[in-house]
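Here is the structure we will look at, set down as structure tokens.
Chains as they are written, first to last, in our numbering: chain A, 189 to 301; chain B, 62 to 171.
Structure follows, in structure tokens:
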């Protein structure tokens with residue numbers, strides 16, 4: 189079975205540019221999560237979707253970050269404008285509902301110059 | 062107090078030995094507990110899930126849960142160099158949110 193698919197795997201861009209990260213969850217999973225991982229802060233939950241609806245976006249750092257899930261098989265995380273402090277690895281994860289484990293994609297390594 | 066705390070490590074063990082990883086959590090209502098393995102530059106990979114008190118074994122891995130003590134552990138028996146990674150403890154504090162520990166880095170010496 190295909191796992192969570194993220195693209196791109198690496199992104200290097202200049203400060204001020206718009207960045208769009210993409211995620212395809214595991215088929216049948218109705219919960220989707222976006223995380224950010226840095227050495228300093230570890231894994232941070234940015235936003236959680238259930239049945240395509242954003243439920244908890246309290247982890248989104250500021251208005252420069254936005255996320256959408258237009259359908260059950262696709263989600264985007266957008267940063268506009270990007271800043272060097274946004275450099276991190278961004279993971280998408282999906283799960284079945286309830287107290288089920290989350291399965292992570294390979295991540296996008298983002299570098300903002 | 063952090064929601065999930067792990068022994069800080071790094072933990073270095075000789076090949077063939079048992080690696081013992083510990084994790085405590087603050088939310089007494091937590092219901093599901095997971096261990097993830099993360100190799101350097103890779104994503105977290107689920108290796109164990111445990112939901113009830115006691116031990117759960119899967120191959121060389123054993124997870125132990127004690128809800129009264131708010132404690133969960135992971136034992137890796139017959140440690141191999143391929144077990145060298147960071148191990149993340151994760152706890153469901155509600156029906157969707159996973160709280161992660163900072164991770165324990167394990168190095169298995171050949």
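Where is the CB? At the ideal position from N, CA and C, for every residue including glycine.
Just so we're clear, the structure is a prediction, and the values are computed from it rather than from any experiment.
1. Quick check on the burial criterion: 16 or more other C-beta atoms within 10 angstroms. Buried or exposed for residue 209/A?
2. Any C-beta of chain B within less than 8 Å: which residues of the region 222 to 245 of chain A qualify?
3. Anyone know if the C-beta pair for residue 63/B and residue 163/B falls short of 9 Å?
4. Can you tell me whether DSSP reads residue 273/A as helix, strand or coil?
5. Does the CB of residue 106/B have a neighbour CB from chain A at under 9 Å?
6. Suppose only complete runs of 3+ residues qualify. What are the beta strand (DSSP E) ranges in the region 242 to 272 of chain A, listed by chain order?
7. Can you find a C-beta in chain B that's less than 9 Å from the C-beta of residue 304/A?
8. How is the beta strand (DSSP E) around residue 83/B delimited, first residue to last?
9. Who are the neighbours of residue 148/B on chain A, taking C-beta pairs under 9 Å?
10. Consult DSSP for residue 142/B and reduce its assignment to one of helix, strand or coil.
11. Straight-line CA distance for residue 128/B to residue 238/A?
12. Name the chain A residues that come within less than 8 Å of residue 120/B, Cβ to Cβ?
13. Are the region 84 to 94 of chain B and the region 222 to 235 of chain A touching, with three or more C-beta to C-beta distances below 8 Å?
14. Since residue 64/B is in the beta strand (DSSP E), which residue starts that stretch and which ends it?
15. My assumption, with CB atoms under 8 Å, is that residue 166/B sits in contact with residue 72/B. Please give the rounded CB distance.
16. At least one CB of chain A closer than 9 Å to the CB of residue 117/B: is that the case?
17. Given that residue 295/A touches chain B, what residues does it touch there, using C-beta distances under 7 Å?
18. Report the three-state DSSP secondary structure of residue 179/A (helix, strand or coil).
19. Would DSSP call residue 94/B helix, strand or coil?
20. Closer than 7 Å by C-beta to residue 203/A: which residues in its own chain qualify, once you throw out the five before and the five after it? Chain order, please.
21. On the DSSP bridge assignment, give the partners of residue 175/B in chain order.
22. Is there a Cβ from chain B that is less than 9 Å from the Cβ of residue 283/A?
23. Anything in chain B within Cβ reach of residue 219/A, meaning under 8 Å, just list it in chain order.
24. State whether the region 242 to 262 of chain A contacts the region 278 to 292 of chain A, with contact taken as three or more CB pairs (one from each stretch) at a distance under 8 Å.
Based on what the coordinates show:
1. Walking along the first chain from the start, residue 209/A turns up at place 21. By the 10 Å Cβ count, residue 209/A comes out buried.
2. 230, 231, 233, 236, 238, 243, 244
3. As a first step, residue 63/B is located in the second chain; it is residue number 2 there, counting from the start. As a first step, residue 163/B is located in the second chain; it is residue number 102 there, counting from the start. Yes, the Cβ-Cβ distance between residue 63/B and residue 163/B is below 9 Å.
4. Counted from its first residue, the first chain places residue 273/A at position 85. Here residue 273/A sits in helix by DSSP.
5. Numbered from its first residue, the second chain carries residue 106/B at position 45. Yes, its Cβ sits closer than 9 Å to a Cβ of chain A.
6. 253 to 259, 262 to 267
7. What is shown of chain A runs 189 to 301, which leaves residue 304/A out entirely.
8. As a working note, residue 83/B is residue 22 in the second chain. Unbroken beta strand (DSSP E) run through residue 83/B: 80 to 86.
9. Locating residue 148/B in the second chain gives position 87, where the first residue counts as 1. None at all; the shortest Cβ gap to chain A is about 13 Å.
10. Against the second chain, residue 142/B aligns to sequence position 81. Helix.
11. Looking up residue 128/B in the second chain gives position 67. Looking up residue 238/A in the first chain gives position 50. Near 28 Å, if we compare the C-alpha coordinates of residue 238/A and residue 128/B.
12. Numbered from its first residue, the second chain carries residue 120/B at position 59. Simply none; closest approach about 17 Å.
13. Contact check between the region 84 to 94 of chain B and the region 222 to 235 of chain A: fewer than three CB pairs, one atom from each, fall below 8 Å, which does not count as touching.
14. For the purposes of this step, residue 64/B is taken as residue 3 along the second chain, with counting starting at 1. Taken as a continuous stretch (DSSP letters only), residue 64/B belongs to no beta strand (DSSP E), as it is neither H nor E.
15. The sequence position of residue 166/B within the second chain is 105, counting from 1. The sequence position of residue 72/B within the second chain is 11, counting from 1. Cβ atoms of residue 166/B and residue 72/B come within 8 Å of each other, at about 7 Å.
16. By one-based count along the second chain, residue 117/B stands at place 56. It does not: the Cβ of residue 117/B has no partner Cβ on chain A nearer than 9 Å.
17. In the first chain, counting from the first residue as 1, residue 295/A sits at position 107. Under the 7 Å cutoff, chain B gives 104.
18. Here chain A comprises residues numbered 189 to 301, so residue 179/A is not present and cannot be evaluated.
19. Counting from one through the second chain, the residue named residue 94/B turns up at place 33. It is a strand residue.
20. Numbered from 1 along the first chain, position 15 holds the residue referred to as residue 203/A. Cβ neighbours of residue 203/A beyond the five flanking positions: 270, 271, 272, 300, 301.
21. Here chain B comprises residues numbered 62 to 171, so residue 175/B is not present and cannot be evaluated.
22. To locate residue 283/A, count along the first chain from 1; it is residue 95. Taking Cβ atoms only, chain B reaches closer than 9 Å to residue 283/A, which makes this a yes.
23. The residue labelled residue 219/A in the question sits at position 31 within the first chain. Near residue 219/A (Cβ distances below 8 Å), the residues of chain B are 157.
24. no
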